[in-house]
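Residue numbers (the UniProt record's numbering), protein chains in the order written: chain A, 1 to 455; chain B, 1 to 616.
Below you'll find the structure, written out as structure tokens, and then a few comments.
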Amino acid sequence: MWREHKHVFSISNVFKLKESKRAVNSIRSLVEEEDEEDDVEKVSWSGEPVGSISWSVKETESSIRSTGEVRDQSFPKIHTAPSLPKNSSGYSLSSLFKEHSEKLLTSLILYLLDCRWSVHDDVILLWQDYVSDWTPEETVKRMQQGKVYSLEKFRSLQDKLLLLDEAVNAHDGNVITAVLIYLKKSLSKEILFRELITREIALRHYIHYLKEIGEQKLLLMQYRDHLNVRDENKRRDFLKNCLSFPFSPDDATHVQDHYTLLERQIIIEANDKQVESSGQADIFKKYPRKASILNMPIITTLYYSCFYHYGESDGTFSSPANIRKTFRISDKQFLLTCLGARAKLKAWFDVDALFTTKNWLGYTKKRSPIGFHRIVDILQKNNAPVQVLQDYVNLVEDVEQKISLAQKYKCHDVIINTYRDLKDRQQLIVYRGKVERSSSEYRKIEEILSNSVRW
Amino acid sequence: MAHSVRRDAPELPDFSLLKRLARDQLIYLLEQLPGRKDLFIEADLMSPLDRIANVTTLKQHDVDKLYKVEHKPIVSTSDQLCFLIRPRIKTVKWICDVVNADKAFGRFRRYKIIFSPQKFYACENLLEEQGIFGDVTTDEWSFYLLPLDDDIISLELPEFFRDYFLEGDQRWVRTAGSALHLLHSVYGPFSKVYGIGRCSKMAYESWREQVEEGEQRARQAEIGNVFLIDRDVDLVTPLCSQVVYEGLVDDIFRIKCGCVEFCPDVTSSDKSIKVMLNSQDKVFNEIRNEHFSQVFGFLSQKARNLQTAYDKRSGMDIKQMKTFVSEELKGLKQEHRLLSLHIGASESMMKKKTKQDFQELLKTEHSLLEGFEIRECISYIEEHINRQVSMVESMRLLCLLSLTENAFSLIYSSMSYFLSQSYGIEHLLTFSNLKQLGLLVEQQPGETLTVMESRVGKLVNDKTAGKLTDAFSSLAKKSNFRALGRRLNLVPKSDEEYDLRVPRDMAYIFSGAYIPLSCKLIEQVLERDGWTGLEEVTRMLNGHEFAVTAGSNGSDARVKTDSQRIILVMFLGGCTFSEISALRFLGREKGLKFIVVTTAITNSARLLESMLDNHA
């Protein structure tokens, strides 16, 4: 059944290919007025199909005859892949019959055409007899050209593998997959895989094919299936089930985290939803939750926790400290996320506390795992007031950077003090010109400039 | 605008022929299902179809209603259904469901599937398995090539990249060969073919076989030389932020099939509009290849000129005014419309880029390319990730880091951990893809297997997994970017001033910081007429280079015709607008014309999004 259709299509394929070329040439000849010597039989797209088909058969004939001819302008073959061992001894005889076979093919096509596509069973039988003479090479070539072919005759493992290797040699993924589909149907899984191990290209085609038809249930793909599970409790259970898979150590850690995370999120979500709807907590009243925390990334969960559950004791699942510990969040990550959340709430005191460290003498000092210029940037993006900003601008070590940041965010005091400390009278005078005459900054600059002790 | 054009550059061939060819064949195919029919079109075939035909054309050939393929049950009442699709398992499966649902319902219809550009055996096999082979007729619409502009032709196959480079599926190799064959038959015969990359070699072979199978007509060649290049020869270039106007527009607004949708922000009205971006747009044509920093000056100059032209009216008498209105006004109005559009676009892009601290981002990128202050770059990227700024951007920077610095493998583990914490753990699927492709390189302690190996190992059984290590060792890619950069002078010295108004080399497309590797290779090979002297370079690029000439009997080959100065460059796996701009620049410098044929237009976001596996 399949073959029969293949045949019909194959003719229309050849027809179309030749047709498009011809159409191009006909368009061209209008422009160039070239005179052609060969059998020009101009065919229009909507032309008589019967005539075109007979023409296409002629084309088929001529193209068959011309294969293998050495042409003047031909390009050399290049070595494309490590060549595979070829064993063609079993097929040498058939090549003797080649010319005869092609004639037979042509007459068959003509016969089929006369039957107006209604193919009789005996023709198919005849066809099969004929087909069984093709070598792997010829078969692959025919498949590439969309011509009729048959794979049934490749029955011994050796023949099947020769066919596969030939398909790989032809570099046509479409044909490689077609052969693999046949091998899948006609070989046991174990044998097929055993052979594919040493055939990387074929193996990758096979894996991709299985993936596309949804049959491949390998490690990561199985994990991937959790995305199809909508209900969060079922999804959690699904992930729990995944924990037992033999993932690589790295992947196993990720999957474990994923399970733990969702488990926590379900608990936090249930709790917060209830608290929010009961109206007990101010924070939820003031900042109603925009979305559920379920299925959010770890950092988003941490942000949420820093926003709604700041200051909770380490013991609770929802506390920032607990999340930090459970998911091994780095100092930088923790600081940045926490900073973002507390700044959003304008909790400047909390922000301050994030950087404050005490040494053994009890002195406090501000420290940060990331440069203070970045901190300033983040605070500014969260609309921190100048009073807050300038504290952090002051902590920037690089003087040039400090001044440029201060100028960007209009922290006058920082600028004035820095120039004062640098004893840069010239810059102070320049800067005086930039501030309002009646402002306190102006007065401050005046004061410094007039203080003769300094200069 | 600022470039002097060498007058002897040859004219480009007329590619509108390809559109006509595709349209005529489609009409022919539609006529194969006579009578009224509803047509279902695959979503990503709609724009390409729009470029060559319109609804009227379809209606004229008995198409009743048009639907987009949405993988949902259908509502059509027609007795004949025609599906115009890409050869994808998912779509064919959907059609099987449609047909089988009809069958269950006792409903009789005729079905036809037209695969574009070709069908695959796997699709037909599915029809057979689902028991509808024979109920459905199938055909192929050989719509291989869509001319997007005078010098750009696209296969519109974005999946080529993932299928070939990630999955290792060579299904599109013959398609590429056929596309080349079509160009060869219409605009050839080619006399020289250069190439680099495994896929290029295979596409060349496929093309050569098709040439041998078919007949050859002696005619005057319009295109003489061909250069084939695999996308994975140069993955750095498409990952860089684009700063040439056309590239930037693509990065920000996404040009689809030569058309862009400008949001209300740009049009300064309440609705967005779709605009075709090609050489027909006179304003765009002059700025498309320019560095963004040069565009504003040009546009304002243009606006002033326009004002002067309008102002001419003031001193005119009635007769002059009449000529003005009939001859100039329309052109001026048109220009005015285009000008305000591109000014709007520039402003909007400027705003967006300022907001995301583009300068700092570019600084990091350039440092990576130069191999300078890597520690700072890493902390910049880390912070980018920690602050959950755009995931695709984070991935892009990480991939650039990995491609340019071999030492990246040492921090892979922690970086991938940060990424999954910030953007979701399910991205471990994405990492696995990026590793497979070689975009991210992980350190390999002796005992752990690569993802591919453990996958395959599981597929077979655990005992045999060990044997695979050898077979897959070829997958591990080591970045040679630094050495290549030195060898080919890809990164100009940063202490020299680079005048973007008068670019001196192709580096201008990246603000003078980097000459795209892909384009540099093309330049070098054309200059040397082959790969001689580039042995070390090709070794670092994993070889697979070739340069072949048509048999010496052909007399054309020796004649120095215009066609010899027309070079068709085929990118297998996609190319960026920046690369096209670079090639246009090279063409102007050398008196050559480049025609870019690509499997699809790509950019960093498209490339990385094709690697995502985080949705169901």
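Quick reminder that beta carbons are idealized off the backbone N, C-alpha and C, glycines included.
Q. Whose C-beta lies closer than 8 Å to the C-beta of L338 of chain B among residues of the same chain, with five residues either side of it excluded?
A. D281, K282, V283, F284
**Q.** C-beta atoms of L607 of chain B and F161 of chain B nearer than 8 Å
**A.** yes
Q. Can you tell me the Cα-Cα spacing of V388 of chain A and T356 of chain A, whole angstroms?
A. 15 Å
(Q) What are the residues in the segment 356-376 of chain B lying within 8 Å of chain A by C-beta distance? (A) none
**Q.** Terminal residues of the alpha helix (DSSP H) in which P238 of chain B lies
**A.** 236-239
(Q) In this structure, how does DSSP classify N451 of chain A when only helix, strand and coil are distinguished? (A) coil
**Q.** Reference K19 of chain B; option with closest CA among B:I153, B:F418, B:I566
**A.** Shortest Cα-Cα distance from K19 of chain B to any of B:I153, B:F418, B:I566 involves B:I153.
Q. Do the CB positions of F372 of chain A and L336 of chain A come within less than 8 Å of each other?
A. no
(Q) Applying the 10 Å Cβ sphere with the 16-neighbour rule, what's the burial state of R565 of chain B? (A) buried
Q) Among residues of its own chain, excluding the 5 on either side of D172 of chain A, which ones have a beta-carbon nearer than 7 Å to its beta-carbon? A) Q144
Q.
For a quick check, are the C-beta atoms of A281 of chain A and A343 of chain A less than 8 Å apart?
A. No, Cβ-Cβ distance for A281 of chain A and A343 of chain A is not below 8 Å.
Q) Below 8 Å between beta carbons: does that hold for N289 of chain B and R528 of chain B? A) no
Q.
As a quick exercise: from A:G311, A:T326, A:I415, pick the residue whose alpha carbon is nearest that of Y259 of chain A.
A. A:T326
Q) Which residues in chain A sit within 9 Å of F120 of chain B, going by Cβ to Cβ distance? A) G173, N174, T177, A178
**Q.** Pairwise C-alpha distance: R387 of chain B and L417 of chain B
**A.** With the sequence shown as reference, residue 417 of chain B is identified as Tyr, and Leu is not the correct amino acid for it. Cα to Cα, the separation comes out at about 14 Å.
Q.
I need the DSSP call for A550 of chain B, collapsed to helix, strand or coil.
A. DSSP, reduced to helix, strand and coil, places A550 of chain B outside both helices and strands of the structure shown, so it counts as coil.
Q) For G195 of chain B, which three-state DSSP category applies? A) strand
Q) Under three-state DSSP, which class holds L268 of chain B? A) Note that residue 268 of chain B is Ser in the sequence shown here, rather than Leu. If DSSP states are grouped into helix, strand and coil, S268 of chain B belongs with coil.
Q. Near V31 of chain A, what residues of its chain come up, given a Cβ to Cβ distance below 6 Å and the 5 sequence neighbours on each side ignored?
A. Legend: pLDDT at V31 of chain A = 39, less than 50; position of this residue unreliable, no value from coordinates given.
Q: Could you tell me which chain A residues have their CB closer than 9 Å to the CB of Y111 of chain B, listed as they occur along the chain?
A: Here the premise fails: no neighbours, minimum Cβ distance about 14 Å.
Q | E579 of chain B: first and last residue of the uninterrupted alpha helix (DSSP H) it sits in | A | 577-590
Q | Residue from A:A252, A:W360, A:D424 with nearest C-alpha to L429 of chain B | A | A:A252
Q: Kindly indicate which residue of B:C519, B:Q80, B:L572, B:R375 has the alpha-carbon position closest to the one of I580 of chain B.
A: With respect to the C-alpha of I580 of chain B, the residue from B:C519, B:Q80, B:L572, B:R375 having the closest C-alpha is B:C519.
Q.
Beta carbons nearer than 9 Å to chain A: which residues of the segment 25-43 of chain B have them?
A. Q25, I27, Y28, L29, E31, Q32
Q) Excluding the five sequence neighbours on either side, which residues of its own chain have a C-beta within less than 7 Å of the C-beta of K256 of chain B, listed in chain order? A) S47
Q.
When you compare the CB of R204 of chain A with every CB in chain B, is at least one pair closer than 8 Å?
A. yes
Q) Can you find a CB in chain B that lies within less than 8 Å of the CB of I323 of chain A? A) no
Q: Give the C-beta separation of residue 649 of chain B and I343 of chain B to the nearest angstrom, bearing in mind that I take them to be a contact with Cβ-Cβ under 8 Å.
A: In the structure displayed, chain B extends from 1 to 616; residue 649 of chain B sits before or after that span and is not available.
Q) Between Q118 of chain B and T175 of chain B, is the Cβ-Cβ spacing less than 8 Å? A) yes
Q. Is the CB-CB distance between I78 of chain A and V548 of chain B below 8 Å?
A. yes
Q. Quick one: is A250 of chain B buried, meaning 16 or more other Cβ sit within 10 Å of its Cβ, or exposed?
A. The displayed chain sequence assigns Asp, not Ala, to residue 250 of chain B. Looking at its Cβ environment, which holds 16 or more other Cβ atoms inside 10 Å, D250 of chain B is buried.
Q) Taking DSSP as the reference, what is the three-state secondary structure of P147 of chain B? A) Correct three-state label for P147 of chain B: strand.
Q.
Looking at chain A, is there any beta carbon in it that lies within less than 8 Å of the beta carbon of F83 of chain B?
A. No, F83 of chain B lies away from the interface with chain A (no Cβ there is under 8 Å from its Cβ).
Q) For S450 of chain A, is the classification buried or exposed, using 16 other Cβ atoms within 10 angstroms of its Cβ as the cut-off for buried? A) exposed
Q. Quick one: is R51 of chain B near chain A, going by C-beta distance under 8 Å?
A. no
Q) Helix, strand or coil for L395 of chain A per DSSP? A) If DSSP states are grouped into helix, strand and coil, L395 of chain A belongs with coil.
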